[in-house]
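Report on one structure; see the data block that follows.
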Amino acid sequence: MTSLVPDLIAIATAFLFGLGARAIGLPPMVGFLVAGFALFAAGVRQTPTLREFSQIGVTLLLFTIGLKLQIRGLLRPHVWGVASLHMALTIALAAAFLLALGATGLSVLAGLDGQTALLLGFALSFSSTVFAVKVLEERGEAVALYARIAVGVLIVQDIAAVVFLGVSAGKVPNVWALALLLLIPGRGVLHRTLERAGRGELQILYGLVLALGGAQIFEAAGVKGDLGALILGVLLAGHERASDLSRQLMAFKDLFLVGFFLGIGLSAPLGLQEVLIGALLMLLVPFKTALFFGLFAAFRLRARTAFLGALSL
């Protein structure tokens, strides 16, 4: 029988650090991150259980985002237009910045070529869906206009990431992916099942089955499972009980996302050069924020909406 002691130690440490973060006015997830780095320094490594926790948390997060998402919102120019332009400009700047850092002699970036710099710039062009949505939910502003626009931009970024990862890994959907199109006419069945489940534990189980089972079905068809969870959430969006289902799944999602935040700290050691590069890359954050604000304003959003949306991203 596999011992759960390392997992329990990690979760208990996350709780203590999260409690400490809240005591000084910071979100608990900051404490979870610090806990991961502290555990790694103490010799603890990420376990398969925590890795599964992390994946389940992200899957549930995307499913609940889908429950609140309206497809027409993604088609608005101030969503896909801003997301696309921001990614292109940030990739160019970040790549140039990394090449400049590599020229200073930092061993971590030694031998960095233009193609690798562009790939890293692509990664740095993204905002964190998990962090942004968590902050918006904790502030109770997830349904505000600026928040919906920000989440739309995040979804466009996520779709771009899924496509890129699939192409770069040579992973293409198999023939069974065509069967996934049947989900569209099957939307009515999903809605009726949600109604028959009623409220309570059956509704929660239905949500878990759709999110986790749907992700596995998409993976089997050669499509990223997280995207499948998002799509199934979108298919339920608009139903009168979709928001209720999202609220019921929130506790499960938050619990499993602890594994995600711990996993970041447990993934690799932090040496002096890594910390230095991270600090230097923080210089990109004000640029990305200002660029989001400028692009939102260029697409004629109100100054307040543009400002809050940019800060969220």
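Heads up, the sequence shown is in my numbering, so the first residue is 1 and it goes up one at a time.
Just so you know, even glycine gets a beta-carbon here, dropped at the ideal spot from N, CA and C.
With distance defined between alpha-carbon atoms, name the residue in the options nearest to residue i.
i      : options                        : result
ALA161 : MET29, ALA92, GLU52, ALA123    : ALA123
PHE32  : GLY259, PHE307, LEU283         : GLY259
LYS288 : LEU118, ARG72, ASP113, SER312  : SER312
ALA177 : ALA197, GLY102, ALA215, GLY278 : ALA215
ALA10  : ILE204, VAL34, LEU26, GLY121   : VAL34
ALA14  : LEU272, LEU255, ALA100, ALA279 : LEU255
THR26  : PHE164, LEU101, ALA12, GLU138  : In the sequence as presented, Thr is not what sits at residue 26; that position holds Leu. Per the Cα distances, GLU138.
LYS224 : ALA100, PRO28, LEU291, THR59   : THR59
PRO173 : ALA147, GLU219, GLN157         : GLU219
Taking 7 Å as the cut-off, decide whether the C-beta atoms of residue i and residue j are in contact.
i      : j      : result
GLY309 : ILE65  : no
GLY57  : LEU295 : no
ALA221 : LEU180 : yes
ALA94  : GLY121 : yes
VAL82  : VAL153 : yes
SER127 : THR90  : no
PRO77  : PHE307 : no
LEU61  : LYS253 : yes
Report the rounded CA-to-CA distance for residue i versus residue j, giving the unit in angstroms.
i      : j      : result
ALA96  : GLY140 : 38 Å
MET1   : LEU236 : With a pLDDT of only 46 at MET1, under 50, the local geometry of the prediction cannot be trusted, and the value read off the model is given with reservation. Distance between the alpha carbons of MET1 and LEU236 is about 39 Å.
VAL79  : ALA132 : 16 Å
ARG304 : ALA142 : 16 Å
ILE155 : THR129 : 8 Å
ILE217 : MET250 : 23 Å
GLY18  : VAL30  : 7 Å
LEU85  : GLY43  : 42 Å
LEU210 : VAL175 : 22 Å
ARG45  : SER267 : 8 Å
SER246 : THR116 : 39 Å
ARG302 : ALA88  : 24 Å
VAL285 : LEU202 : 43 Å
VAL275 : GLY207 : 40 Å
LEU183 : VAL189 : 9 Å
LEU165 : GLY213 : 22 Å
Start and end of the alpha helix (DSSP H) containing residue i?
i      : result
ARG22  : 5 to 23
LEU39  : 28 to 41
GLY203 : The sequence shown places Gln at residue 203, rather than the Gly named in the question. Segment 201 to 208, the alpha helix (DSSP H) holding GLN203.
PRO77  : 77 to 102
GLY66  : 48 to 68
ARG72  : 71 to 74
HIS250 : The identity of residue 250 in the sequence shown is Met, whereas the question assumes His. That run of the alpha helix (DSSP H) goes 242 to 266.
Quick check on residue i - is its C-beta less than 7 Å from some C-beta in chain C?
i      : result
ASN174 : You won't find chain C in this structure, because it holds only one protein chain.
The ligand HEM heavy atoms versus the CB of residue i: any closer than 6 Å?
i      : result
PHE299 : No copy of the ligand HEM occurs in the structure displayed, which carries no ligand at all.
_the stretch 28 to 45 / the stretch 219 to 237 touching (three or more Cβ pairs under 8 Å)_ = no
*Do the stretch 68 to 82 and the stretch 46 to 60 make contact, defined as three or more Cβ pairs closer than 8 Å?*
no
*For the stretch 236 to 247 against the stretch 193 to 200, are there 3 or more C-beta pairs whose distance is under 8 Å?*
yes
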